[in-house]
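In what follows, a single structure is set out as structure tokens and then discussed.
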Amino acid sequence: MQATPDHALVRFDNVHFSYLDAADGAQNAVFNGLSLEVPSGVVSLVGQNGVGKSTFLLLAGARLFPSAGSVTTGGVDTRRFARANVDPEIEQQRNRLVSFIYQNMDFETETPIGELMDYVYAEGYYQDKHADFVRRVQAELELTDLLGKKTQELSKGQLQRTIIGFSLLYGSRIVLMDEPVFALEEPRKERVFGFLVGIAAELGISIYYSAHNLDLTRRYSETLMLFYKDGSVRVGPTAELLQRETIEQAFQVPYDMLHHKEYLFREMLATLGRATAADKDADHS
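Under my numbering, think of the first position of the sequence shown as 38, with each following residue one higher.
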């Protein structure tokens with residue numbers, strides 16, 4: 038499927054989207070006439086919880102569809118993929134264009150992840166395939182010692198790195214990631230994002246990701262999407278938008294307090310990660 042050449046990789050045109058509140062049946066609007074254009078490359082989504090970052094990614098990835106307006110991804114109106122869940126051919130077309138890493142993904146397999154990675158790469162969408170690429174992805178994501186394990190035997194951080202590996206081996210033109218490294222310790226986050234930025238440039242793919250860590254966003258994105266509580270979104274170069282004043286406006290807290298909240302959040306995740314790893318070790322001892 039050939040996309041129409043365009044400087045914007047993702048375009049929202051007067052997009053409306055709401056979630057149904059199961060408790061009272063009310064429609065909770067997330068976007069109400071949102072129009073924007075986002076370029077290719079490595080793009081970071083930043084904002085408070087509940088302001089539409091995940092919803093934007095799901096709409097851009099043709100996993101959700103607007104109630105009004107249009108979403109164009111890679112030059113393709115996402116409504117073309119509306120039947121992807123029931124039509125394998127349409128699903129394949131969608132996945133060739135854009136793959137999606139959901140937040141906190143969890144699944145079980147009976148096949149070791151090393152075999153799964155070989156299978157994903159063999160069945161994926163790269164035209165020129167090289168066995169050493171699989172080994173490289175595994176090495177860069179520090180998965181080499183885990184290849185004999187099944188997904189349910191991995192810690193949360195190990196599983197996140199494995200899923201990122203699957204997404205890179207699959208061969209989609211665009212990879213959308215919702216909080217892809219929240220369970221990783223800080224040094225590993227740096228290594229993973231450094232690899233992602235390099236591989237995106239090397240392969241000519243685009244990566245959009247949401248993240249709470251502003252330092253990672255500053256170092257590992259070209260474009261920033263800044264989400265506000267009123268449903269508006271600003272898009273621009275990361276170096277221009279990631280400034281104290283604009284961040285305080287978006288998060289509605291002092292910049293220094295926000296960094297402290299980030300620190301506490303990372304400490305909480307590190308504690309949870311250590312507890313999860315201990316549980317895994319106990320289960321398999």
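Where a beta carbon is used, it is the ideal one built from N, C-alpha and C, also for glycine.
Remember, predicted model here, so these are calculated numbers, not experimental data.
Check	Outcome
Own chain residues within Cβ distance below 8 Å of Asp155, not counting five before or after	Val171
When Gly194, Leu279, Leu251 are compared against Glu179, the one with the closest alpha-carbon	Gly194
Enclosing beta strand (DSSP E) for Pro224 [first to last residue]	Taken as a continuous stretch (DSSP letters only), Pro224 belongs to no beta strand (DSSP E), being part of the alpha helix (DSSP H) at 223-240.
Thr146 versus Ile200 - alpha carbon distance	13 Å
Per DSSP, the bridge partner or partners of Val212	Ser136, Ile244
Validate contact between the stretch 83-96 and the stretch 65-72 using beta carbons, cut 8 Å, 3 pairs	yes
Inter-residue Cα distance where the pair is Gln189 and Leu153	13 Å
Chain-order list of residues whose beta-carbon lies under 6 Å from that of Arg325 (same chain, five-residue window excluded)	Outside the shown range of the chain, which is 38 to 322, sits residue 325, and nothing can be said about it.
Exposure of Lys186, with buried meaning 16 or more beta-carbon neighbours within 10 Å	buried
Cβ neighbour criterion (16 or more within 10 Å) applied to Phe144	exposed
Contact belief for Glu216 with Ala248 at Cβ below 8 Å, rounded distance in angstroms	7 Å
Range of the contiguous alpha helix (DSSP H) that encloses Leu253	251-256
For Gln129, the three-state DSSP class (helix, strand or coil)	helix
Exposure of Ser77, with buried meaning 16 or more beta-carbon neighbours within 10 Å	buried
The beta strand (DSSP E) enclosing Tyr56, as first and last residue numbers	45-57
C-alpha gap between Tyr246 and Pro103, whole angstroms	20 Å
Boundaries of the beta strand (DSSP E) in which Arg271 is found, first to last residue	270-274
Residues of its chain near Leu71, where Cβ-Cβ distance is below 6 Å and the 5 sequence neighbours each way are ignored	Phe49, Val52
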